[in-house]
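Student: Below: one structure in structure tokens.
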Amino acid sequence: MKVRKKCIKRIFFLFILVFFPFCRGTTIPDSNPEIKTEKVRIELSCVLESGENIDYILQEMAIESNERYKITECLKEYLDMRSCMPGDSIIVFKDLDENFLKLDYVKNIFMRFTVTKIDTFYKAEKIEIPPSIAISTITGTVSSSLYETFLGIGESHELVFDYADIFAWVIDFLTEVQNGDTFEIIVEREFFKNNFIRNKRIIAASYKGEIGTYYAFYFMDLDGKEDYYDEVGNSLRKQLLKTPLQYRRISSYFSLRRLHPILKVRRPHYGVDFAAPNGTPISSVGDGHVVFAGWKGGYGKLVVINHPNSFKTYYGHLSRIKKGIVAGAKVKQGEVIGNVGSTGLSTGPHLHFGIKKYGKWINPLKVDLPPADPISEKYKELYLEEMEKLKLGMLFFCCFKPRPL
Ligand SMILES: [Zn+2]
4 MKVRKKCIKR IFFLFILVFF PFCRGTTIPD SNPEIKTEKV RIELSCVLES
54 GENIDYILQE MAIESNERYK ITECLKEYLD MRSCMPGDSI IVFKDLDENF
104 LKLDYVKNIF MRFTVTKIDT FYKAEKIEIP PSIAISTITG TVSSSLYETF
154 LGIGESHELV FDYADIFAWV IDFLTEVQNG DTFEIIVERE FFKNNFIRNK
204 RIIAASYKGE IGTYYAFYFM DLDGKEDYYD EVGNSLRKQL LKTPLQYRRI
254 SSYFSLRRLH PILKVRRPHY GVDFAAPNGT PISSVGDGHV VFAGWKGGYG
304 KLVVINHPNS FKTYYGHLSR IKKGIVAGAK VKQGEVIGNV GSTGLSTGPH
354 LHFGIKKYGK WINPLKVDLP PADPISEKYK ELYLEEMEKL KLGMLFFCCF
404 KPRPL
């Protein structure tokens with residue numbers, strides 16, 4: 004039999020155990036009540052690769068064309084062949100005489116398709132085992148960075164990012180986090196046969212520290228609008244993000260009288276310098292329109308964006324302005340507009356970030372950012388009801404510290 008190297012062939016014994024239960028009043032056979040039979044099967048398994056299809060794999064597994072046709076036709080009743088993707092697995096079972104017994108087409112751990120040969124017939128089936136969702140609560144106390152704290156309690160880095168994203172508009176996790184601050188998260192978790200698969204949506208979260216207490220509650224209204232809101236129904240998102248990049252440190256603050264590192268004269272510094280490695284992506288802090296993108300004197304490569312509510316943001320010393328970021332272009336909040344560099348009057352890679360409000364420079368670290376739309380009035384009551392339940396749940400878990408799942 005010709006079988007490609009990548010197909011794994013296994014021969015194994017199948018034990019069939021038959022038990023005769025003890026029943027009062029019935030005759031119990033004198034012989035051993037447990038009868039054991041055994042059978043040998045051949046299992047061939049293969050992973051679908053790009054450009055391959057089921058017929059090809061079955062051919063590789065030495066199944067005759069007539070039988071291949073019957074198997075695939077039968078499978079088509081349940082499986083859309085266009086959905087077959089590289090990475091799907093095919094397992095074929097044969098008897099010792101190489102006769103086809105069964106095919107297992109495994110899409111993922113939750114879904115498989117089978118074709119079983121019964122006498123001269125073929126029977127297809129779709130077997131689906133949906134994952135179970137459990138609600139879990141995570142509590143923690145910050146020691147070192149938030150990221151390390153999450154990993155330290157056995158949580159994934161995806162969860163830290165999801166959590167940090169929710170509060171990105173109100174907390175700067177790089178500068179405002181202190182040891183001893185606490186956090187709590189209620190998250191949906193996906194399980195398959197009691198094994199943890201992944202975290203799904205965070206449905207509630209809190210952060211408590213010297214900077215204050217923050218809550219976030221997920222809510223989707225009946226019109227399908229979803230967001231995270233605070234305790235009174237205001238969106239956690241602001242019209243402008245707190246920072247346009249993941250920076251290492253602030254190398255220079257907003258100042259009306261700063262000794263310029265290159266010019267060696269005292270002059271105002273109308274912005275904040277965020278030190279970050281060359282090439283670090285820079286995002287627009289809000290929705291808006293590009294009003295300038297190009298070289299401008301000491302700024303080097305500069306992007307200026309106009310936002311609603313009379314805000315204007317400046318991003319200077321860029322190494323590169325992203326393609327398509329030109330005057331008049333529309334940008335979304337969080338959209339990458341360029342990369343950190345050291346162009347213009349600069350001593351090292353950093354982003355000079357400035358904000359103007361009504362045409363006047365303001366301190367980006369102190370700006371009071373207007374929030375995005377709050378929860379709509381017609382759903383507010385419903386939201387507050389849901390929110391109270393979640394908050395109570397958080398308090399409950401916080402006091403009783405249940406076992407993690
Ligand atoms: Zn600067």
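Residue numbers for the sequence shown follow our numbering, beginning at 4 and rising by one.
Every residue, glycine too, gets a C-beta built ideally from N, C-alpha and C.
#1: Among the residues of its own chain, which have a CB less than 6 Å from the CB of ALA219, if the five just before and after it don't count?
#2: According to DSSP, MET114 sits in a beta bridge with which residue or residues?
#3: By how many angstroms is the C-alpha of GLU76 removed from the C-alpha of GLU229?
#4: Buried or exposed: VAL190, going by 16 or more other Cβ atoms within 10 Å of its Cβ?
#5: Comparing the CB of HIS263 with every heavy atom of ligand 1, is any distance shorter than 7 Å?
#6: Identify, in the order they occur along the chain, each residue of the same chain with its Cβ nearer than 7 Å to the Cβ of ASN312, setting aside the five sequence neighbours on each side.
#7: Under the rule that 16 or more other beta-carbon atoms within 10 Å means buried, what is ARG27, buried or exposed?
#8: Nearest to PRO367 by alpha carbon, out of VAL275, ASN237 and LEU177?
#9: Would the beta-carbon of ILE66 fall within 8 Å of that of VAL118?
#10: Using only alpha-carbon positions, find the residue among GLU388, SER322 and LYS120 that is nearest to GLY344.
#11: For the beta strand (DSSP E) holding GLY344, just list the boundary residues, first then last.
#12: Just list the beta strand (DSSP E) runs in the stretch 254-328, keeping only unbroken ones of 3 residues or longer that don't cross its boundaries, in chain order.
#13: Can you tell which of GLY357, PRO284 and MET223 has the C-alpha that lies nearest to the C-alpha of TYR382?
#14: Under the rule that 16 or more other beta-carbon atoms within 10 Å means buried, what is LYS330, buried or exposed?
#15: Of all residues in the structure, which have a C-beta closer than 6 Å to any heavy atom of ligand 1, taken in chain order?
#16: Thinking GLY212 and GLN249 are a contact (beta carbons under 8 Å), I'd like their distance in whole angstroms, please.
#17: To the nearest angstrom, how far is it from the Cα of GLY396 to the Cα of THR140?
#18: Can you give me the Cβ contacts of TYR217 inside the same chain, cut-off strictly under 7 Å, excluding the 5 residues immediately before and after it?
#19: Is it a yes or a no for the stretch 275-286 touching the stretch 350-369, going by three-plus beta-carbon pairs under 8 Å?
#20: So what does ARG192 bridge to, in DSSP terms?
#21: What do you get for PRO247, buried or exposed, if any count of 16 or more other CB atoms within 10 angstroms of its CB means buried?
#22: Just how far apart, CA to CA, sit SER92 and TYR221?
#23: Spatial neighbours of HIS292 within its chain, please: C-beta separation below 8 Å, excluding the five flanking residues on both sides.
#24: Can you list, in chain order, the residues of its chain whose CB lies under 7 Å from that of VAL183, leaving out five sequence neighbours each side?
#25: Any idea if ARG270 is buried or exposed, counting beta-carbon neighbours within 10 angstroms, 16 or more meaning buried?
#26: Is the beta carbon of ASP107 sitting closer than 8 Å to the one on ILE121?
#27: Let me know if TYR72 comes out buried or exposed under the rule of 16 or more other beta-carbons within 10 Å of its beta-carbon.
#28: In this structure, how does DSSP classify PHE170 when only helix, strand and coil are distinguished?
#29: Report the residue from GLU161, ASN56, THR316 and MET390 whose alpha carbon sits nearest the alpha carbon of LYS245.
#30: Let's see if you can read the secondary structure: which residues bound the beta strand (DSSP E) around TYR361?
#31: Once you ignore the five residues that flank PHE25 on each side, which residues in its own chain have a CB closer than 6 Å to its CB?
#32: Starting from the C-beta of TYR81, find all residues in its chain whose C-beta is less than 8 Å away, skip the five residues before and the five after it, and write them out in chain order.
#33: Quick one: what does DSSP say SER238 is sitting in, helix, strand or coil?
#34: According to DSSP, is MET64 helix, strand or coil?
#35: So if DSSP puts TYR218 in a beta bridge, which residue, or which two residues, is it bridged to?
Tutor: Let me spell this out:
#1: ILE169, ALA208, TYR231 and LEU239
#2: ASN111 and GLU131
#3: 43 Å
#4: buried
#5: no
#6: GLN242 and PRO373
#7: Here the model assigns ARG27 a pLDDT of 36, short of 50, so the residue's position is not dependable, and the following value carries that caveat. Per the 10 Å Cβ criterion, exposed.
#8: VAL275
#9: no
#10: SER322
#11: Element bounds for GLY344: n/a, residue is neither H nor E.
#12: 258-262, 269-272, 275-278, 284-286, 291-298, 304-310 and 314-321
#13: MET223
#14: Here the sequence assigns Ala to residue 330, which means Lys is not the residue at that position. That one is exposed.
#15: SER255, HIS272, GLY274, ASP276 and HIS355
#16: About 20 Å separates the two Cβ atoms, so there is no contact after all.
#17: 9 Å
#18: PHE170, VAL173, ILE174, SER209 and TYR210
#19: yes
#20: ALA137 and ASN202
#21: buried
#22: 37 Å
#23: ILE308, ASN309, GLY331, ALA332, LYS333 and VAL334
#24: The amino acid at residue 183 is misidentified as Val; the sequence shows Gly. Closer than 7 Å at the Cβ level, and outside the excluded window around GLY183, lie THR144 and VAL145.
#25: exposed
#26: no
#27: exposed
#28: helix
#29: THR316
#30: Careful: TYR361 lies outside any beta strand (DSSP E) and carries neither H nor E.
#31: Here PHE25 scores only 36 on pLDDT, less than 50, and its place in the model is too uncertain to base an answer on.
#32: PHE116, ALA127, GLU128 and LYS129
#33: strand
#34: coil
#35: SER209
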